[in-house]
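Participant: Could you have a look at this structure, given as structure tokens, before my questions?
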Amino acid sequence: MGGGGQLTEPGEPGGGRDGGVYTWEEVQSHSSRNDQWLVIDRKVYNITQWAKRHPGGFRVISHYAGEDATEAFTAFHPDLTFVRKFLKPLLIGELAATEPSQDRNKNAAIIRDFHSLRAQALAWLMIWLWGTNWILTSLCAVMLATAQSQAGWLQHDFGHLSVFKKSRWNHLLHKFIIGHLKGASANWWNHRHFQHHAKPNIFRKDPDVNMLSVFVVGTTQPVEYGIKKIKHMPYNHQHQYFFLVGPPLLIPVFFHIQIMHTMISRHDWVDLVWSMSYYLRYFSCYIPLYGLFGSLALISFVRFLESHWFVWVTQMNHLPMDIDHEKHQDWLTMQLQATCNIEQSFFNDWFSGHLNFQIEHHLFPTMPRHNYHLVAPQVRALCEKHGIPYQMKTLRQGLVDIVKSLKNSGDLWLDAYLHK
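Heads up: the sequence shown at position 273 corresponds to 783 in the working numbering, and the numbers run straight through without jumps.
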């Protein structure tokens, strides 16, 4: 099978062609001082003349004449891409397909395991050098926060039973996504969210407008607090401290405490197991990279980013709208007074999980999100027929109105507090 003597003469680098096929016996026959071949990654090289110019010395490379030098070549040269350029003119062929990659009595299993060890060592070195630096960690946090936010919209779909026809499948996937992928509780979410849908923006019935005296909202509550001289916070500045205690703290602090308290106090062990599976998976992945403290800091920052996303999206549809005590209105009127839409675009749909169609979602809470835009014209026509305002805003206006509504409510409180 060989043909080595036909392709090159001893001491002639390159030999003119690089298509030869050789056996180990032929390679091993070229191991004298004036005739030297070696093998690297199954490629056969004639180094007879070039060995004298070898930067590492003639003797070092000559020790591998007639042998497989792959391991030594890899171990001694940090920049393999650069060094391989010098090998190209020396290439005369390759080992026959029937020949093993290792010569003589070298143990193939040991070589494979060493390759694996070296790859692992290089991988950990890359992680140590670049994997946990500030830039990549920040990028990691942004990507995780994006994934968490989008998982939040997805669990919302399953929670509303709007994906599968069978409720059982919706419930199962809801628990998996909100529990295992987000670390929260399906039952906690159902308890809060269904009340919100049943009586949106109605005090004592919608948990989302229970601000725990941190904020006063709407036009009724601020006046009531002002008349009663209730001043748990400087509400006339709530549009300013909102940026400090609203978006930054809702998910990482308030929701986290509430979720854990709800699961434990109600003995909701199934949801607790789902939730703990998320944290077990997270810390198993990140403690080897960041340590315990670093992993806690990373997840806190991810929740911080996610919380901003969640608060701004969910509040722009409701907070600037009518917030009051129970009025016992019909379904359409009640939902339209408490909700508004954000104009449709590819980004707005993705950014809000299609909750930019908040009106349609509240009127038809089990409707799949991809159908909102289909029913919207009919809903708008019905509202026009009965003189019910159908509010549509730009994304920018929706976000600005959150702060404006807080300022307006704070001003109403201050006026009532000082003058009534």
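The beta carbon of each residue, even a glycine, is placed where N, CA and C say it ideally should be.
#1: Using a Cβ-Cβ cutoff of less than 8 Å, which residues in the same chain neighbour R678 once the five nearest sequence positions on both sides are dropped?
#2: Pick helix, strand or coil for Q907, following the three-state DSSP scheme.
#3: Looking only at its own chain, which residues have a Cβ that is under 8 Å from the Cβ of F894, when we skip the five neighbours before and after it?
#4: Would you say the region 678-687 touches the region 658-665, given that touching needs at least three Cβ pairs under 8 Å?
#5: Quick check on L517: does DSSP put it in helix, strand or coil?
#6: Between the Cα of H929 and the Cα atoms of V913, V733, A661, N697, which residue gives the shortest distance?
#7: Under a Cβ-count criterion, where at least 16 other Cβ atoms within 10 Å of its own Cβ denotes burial, should P757 be classed as buried or exposed?
#8: In angstroms, rounded to a whole number, what distance separates the CA positions of I912 and K675?
#9: What do you get for A694, buried or exposed, if any count of 16 or more other CB atoms within 10 angstroms of its CB means buried?
#10: Mapping the DSSP letters down to three states, classify E853 as helix, strand or coil.
#11: Look at the alpha carbon of R527 and the alpha carbon of D578, and state the distance between them as a whole number of angstroms.
#12: Scan the region 696-771 and note each continuous alpha helix (DSSP H) run of 4 residues or more that stays entirely inside, going in chain order.
#13: To the nearest angstrom, how far is it from the Cα of Q705 to the Cα of K715?
#14: Closest by CA to K739, which one among Y800, L922, R543, D781?
#15: When burial is assigned at 16 or more other CB atoms within 10 Å of the CB, is I544 buried or exposed?
#16: Going by Cα to Cα distance, which pick from P875, N711, N827, T772 is closest to E853?
#17: Relative to the C-alpha of K741, which residue among Y792, D840, D859, S723 is closest?
#18: With a CB to CB cut of under 7 Å and the five nearest residues on each side skipped, what residues in its chain are close to R537?
#19: Does the Cβ of M773 have 16 or more other Cβ atoms within 10 Å, making it buried, or fewer, making it exposed?
#20: Less than 7 Å between C-beta atoms, sequence neighbours within five positions excluded: which residues of the same chain meet that for W640?
#21: From L865, S648, F596, S541, pick the residue whose C-alpha is nearest to that of R569; which is it?
#22: How would you label S648, buried or exposed, when you count the other beta carbons within 10 angstroms and need 16 or more for buried?
#23: Helix or strand or just coil, what does DSSP make of K930?
#24: Identify whether K676 lies in helix, strand or coil by the three-state DSSP scheme.
#25: Check whether the region 837-852 touches the region 862-872, taking contact to mean three or more Cβ pairs, one atom from each stretch, closer than 8 Å.
#26: Helix, strand or coil for K837, going by three-state DSSP, please let me know.
#27: Going by beta carbon distance, what residues of the same chain come within less than 7 Å of H670, once the five residues before and after it are set aside?
#28: Assign A585 to one of two classes, buried (16 or more other C-beta atoms within 10 Å of its C-beta) or exposed (fewer than that).
#29: Return the residue from the list V727, F765, S775, R890 that minimises the CA-CA distance to F752.
#30: Quick one: what does DSSP say M831 is sitting in, helix, strand or coil?
#31: According to DSSP, simplified to helix, strand and coil, what is K562?
#32: Determine the closest residue to D834 out of H871, T729, T580, F793, with distance taken between C-alpha atoms.
#33: Check G603 in the structure and name its three-state DSSP category.
#34: Compute the beta-carbon to beta-carbon distance between F725 and Q748, rounded to the nearest angstrom, for a pair I have assumed lies under 8 Å.
#35: Quick one: grab the DSSP three-state call for S542.
#36: Helix, strand or coil, according to DSSP, for D925 in the structure here?
Facilitator: Considering the structure as presented:
#1: Cβ contact annotation for R678 (same chain, cutoff 8 Å, sequence separation greater than five): none.
#2: Three-state result, Q907: helix.
#3: First, the residue type needs correcting, since residue 894 is Glu and not Phe in the sequence shown. Once the five neighbours on either side are set aside, the close Cβ partners of E894 are Y900.
#4: A contact exists between the region 678-687 and the region 658-665.
#5: The pLDDT assigned to L517 is 38, lower than 50, so where the model puts this residue is not dependable; a value taken from the coordinates is nonetheless given after this. If DSSP states are grouped into helix, strand and coil, L517 belongs with the helices.
#6: Across the set V913, V733, A661, N697, the C-alpha of V733 shows the shortest separation from the C-alpha of H929.
#7: Burial is judged here by how many other beta carbons sit within 10 angstroms of a residue's own beta carbon; P757 has at least 16 and is buried.
#8: I912 and K675: Cα-Cα distance of roughly 36 Å.
#9: The residue in question, A694, is buried, as its Cβ has 16 or more Cβ neighbours within 10 Å.
#10: Coil.
#11: Any reading at R527 must be qualified, since the residue scores a pLDDT of 49, below 50, and its modelled position is unreliable; no value is offered.
#12: Positions of the alpha helix (DSSP H) runs, each at least 4 residues long and wholly inside the region 696-771, are given as 696-708, 730-737, 748-755 in order along the chain.
#13: Rounded to whole angstroms, Q705 and K715 show a C-alpha spacing of 7 Å.
#14: Comparing Cα-Cα distances from K739 to each of Y800, L922, R543, D781, the minimum goes to L922.
#15: It is Asn, not Ile, that sits at residue 544 in the sequence shown. Flag for N544 reads exposed.
#16: Here the closest residue by C-alpha is N827.
#17: Residue S723 is the option with its Cα nearest to K741.
#18: According to the sequence shown, residue 537 is Val rather than Arg. Cβ within range, chain order: W547, V549, V554, G576.
#19: M773 should be labelled buried.
#20: Closer than 7 Å at the Cβ level, and outside the excluded window around W640, lie L646.
#21: Among L865, S648, F596, S541, the Cα nearest to that of R569 belongs to S541.
#22: By the neighbour-count rule (16 or more Cβ atoms within 10 Å), S648 is not buried but exposed.
#23: K930: coil per DSSP, three-state reduction.
#24: In this structure, DSSP gives K676 a state outside helix and strand, which the three-state scheme calls coil.
#25: The region 837-852, when compared against the region 862-872, does touch it at the 8 Å Cβ threshold.
#26: DSSP places K837 in coil when its eight states are reduced to three.
#27: So the qualifying residues of the chain are P875, T876.
#28: Counting the other Cβ atoms within 10 Å of the Cβ of A585 gives fewer than 16, which makes it exposed.
#29: The shortest C-alpha separation from F752 is found at V727.
#30: Coil, per DSSP.
#31: Residue state, collapsed to three classes: helix.
#32: Comparing alpha carbon positions, the residue from H871, T729, T580, F793 closest to D834 is T729.
#33: Under the three-state reduction of DSSP output, G603 falls in the strand class.
#34: Rounded, the Cβ-Cβ distance is 5 Å, consistent with contact.
#35: In this structure, S542 counts as strand in the three-state DSSP scheme.
#36: Of the three classes helix, strand and coil, the one that applies to D925 here is helix, per DSSP.
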